[in-house]
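Colleague: One rule links them: number in the working numbering = place in the sequence shown (from 1) + 198. Where a beta carbon is used, it is the ideal one built from N, C-alpha and C, also for glycine.
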Amino acid sequence: MGEFQLSAHLAQLNAVHREMDEVYHQTAKALGFSDGAFWILYAVREADGQLTQRELCDRMFMPKQTVNSALKKMEREGVLELRPAENRRGKRVFLGEKGRSLAERTVDALFAAETRALVKKLLTGFSGSAVLDADGLNAAASLMNAGEKLPRPAKGLILTPHPGEMSRLTGLSVEAIQADREGVARRYAAQWNAVVVLKGARTVVAAPDGRVCVNPTGNPGLARGGSGDVLAGMMSALLACGLSAYEAAACAVWLHGAAADRAARQKGEYGMLPQDIFAHLGQMFAENDR
199 MGEFQLSAHL AQLNAVHREM DEVYHQTAKA LGFSDGAFWI LYAVREADGQ LTQRELCDRM
259 FMPKQTVNSA LKKMEREGVL ELRPAENRRG KRVFLGEKGR SLAERTVDAL FAAETRALVK
319 KLLTGFSGSA VLDADGLNAA ASLMNAGEKL PRPAKGLILT PHPGEMSRLT GLSVEAIQAD
379 REGVARRYAA QWNAVVVLKG ARTVVAAPDG RVCVNPTGNP GLARGGSGDV LAGMMSALLA
439 CGLSAYEAAA CAVWLHGAAA DRAARQKGEY GMLPQDIFAH LGQMFAENDR
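Next up, the structure:
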């Protein structure tokens, strides 16, 4: 990567960080928090009762007096609970009933806003091809529902929704999508000018030019969390090798399913894990002198 390119990418990331700081501030303000109280709530939720009051103070980038003052106020309001710590000095910090409800809403709001900003900023500024997966798809759906265009890089774009994510992206019901998987994937691939990988039993891969293939490999063991991350990584790797978006998606989907079928024969669909795909994938490449 040239010095100019590297500087451009760093400038882009710095711009994203500045935008994120504003997102955090606005989210906290909208919820009636100070920025500090918001991050205390977040830290307590993530720690799940494993931090004492002193340890929490040490982790926050704020004066201890400010943290302790906020903790006392949040305890009075029922947001937090301070309980004696067994075999440790001080008190552990827990979310109160009000705090649990509040944390779910606030953290979800924060990360949804953060992901929207990242997807919009990074995709539109990227000069290559990209894969949009998981929360990136939900962010894209939120942007389009707000009347904005689907963010896209300079080259190819692959979207990897399961039926629920496809429903959020299109406004169609899951039932309507499942009733015409090939038709829906082809229609929106053309509308979005992107490759659509509609996941599920017999995953559909559709290109903007009308090409469609239905994958014959794979099994229910791939429904386990993490399997989709492996697939997204495989697509990204094949894009980096120079394949077109459609070719990268189709090849990755077939290889992913074929390796999973081998894993299922060895460990069973219930016993296989996403990481089991890698060993079988390597074996398949070796068998074909790759």
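1. Between which two residues does the beta strand (DSSP E) carrying E279 extend?
2. Relative to the alpha-carbon of Q384, which residue among C439, G369, V402 has its alpha-carbon at the smallest distance?
3. Just curious, the beta strand (DSSP E) that R290 is in, first and last residue?
4. What is the rounded straight-line gap between the Cα of S434 and the Cα of A328?
5. Among E363, G326, P282, which one has its Cα closest to the Cα of A352?
6. DSSP state of T358, grouped into three classes?
7. Would you report the Cα separation of L355 and H478, rounded to the nearest angstrom?
8. Does the contact criterion of 3 or more C-beta pairs under 8 Å hold for the region 265-276 versus the region 293-308?
9. Would you grab the beta carbon distance between S340 and R314 for me? Rounded to a whole angstrom, and I think it's under 8 Å.
10. V395 and A447 - do their beta-carbons sit closer together than 7 Å?
11. Within this structure, are the beta carbons of D487 and T415 separated by less than 7 Å?
12. What residues match up with T250 in a beta bridge as DSSP calls it?
13. In the DSSP assignment, what residue or residues form a beta bridge with C411?
14. Locate the alpha helix (DSSP H) running through L269, then write down its first and last residues.
15. Smallest Cα separation from V317: which of E302, R303, D333, A235?
16. Can you tell which of I475, D306, T368 has its C-alpha closest to the C-alpha of G431?
17. Thinking C-alpha only, which one of M364, Y240, P282, A235 is nearest K262?
18. Hey, how far is the Cα of L300 from the Cα of L254?
19. If you drop the 5 nearest sequence neighbours on each side, which residues of the same chain put their C-beta closer than 7 Å to that of A186?
20. Kindly indicate which three-state DSSP category L471 falls into: helix, strand or coil?
21. Buried or exposed, going by whether 16 or more other CB atoms sit within 10 Å of the CB of R350?
22. Where does the unbroken alpha helix (DSSP H) through L436 begin, and where does it stop?
23. Considering only residues of the region 314-400, which uninterrupted alpha helix (DSSP H) runs meet the minimum length of 4 residues and lie entirely inside it, listed in chain order?
Modeller: The answer reads as follows:
1. 278-282
2. The sequence given here has Arg at residue 384, not Gln. Closest option to R384, Cα to Cα, is V402.
3. 289-293
4. 7 Å
5. G326
6. coil
7. 27 Å
8. yes
9. 6 Å
10. yes
11. no
12. R290
13. V403
14. 262-274
15. D333
16. I475
17. A235
18. 19 Å
19. Because the chain is modelled from 199 through 488, residue 186 falls outside the range shown and cannot be assessed.
20. coil
21. buried
22. 425-438
23. 333-343, 361-368, 372-377, 379-390
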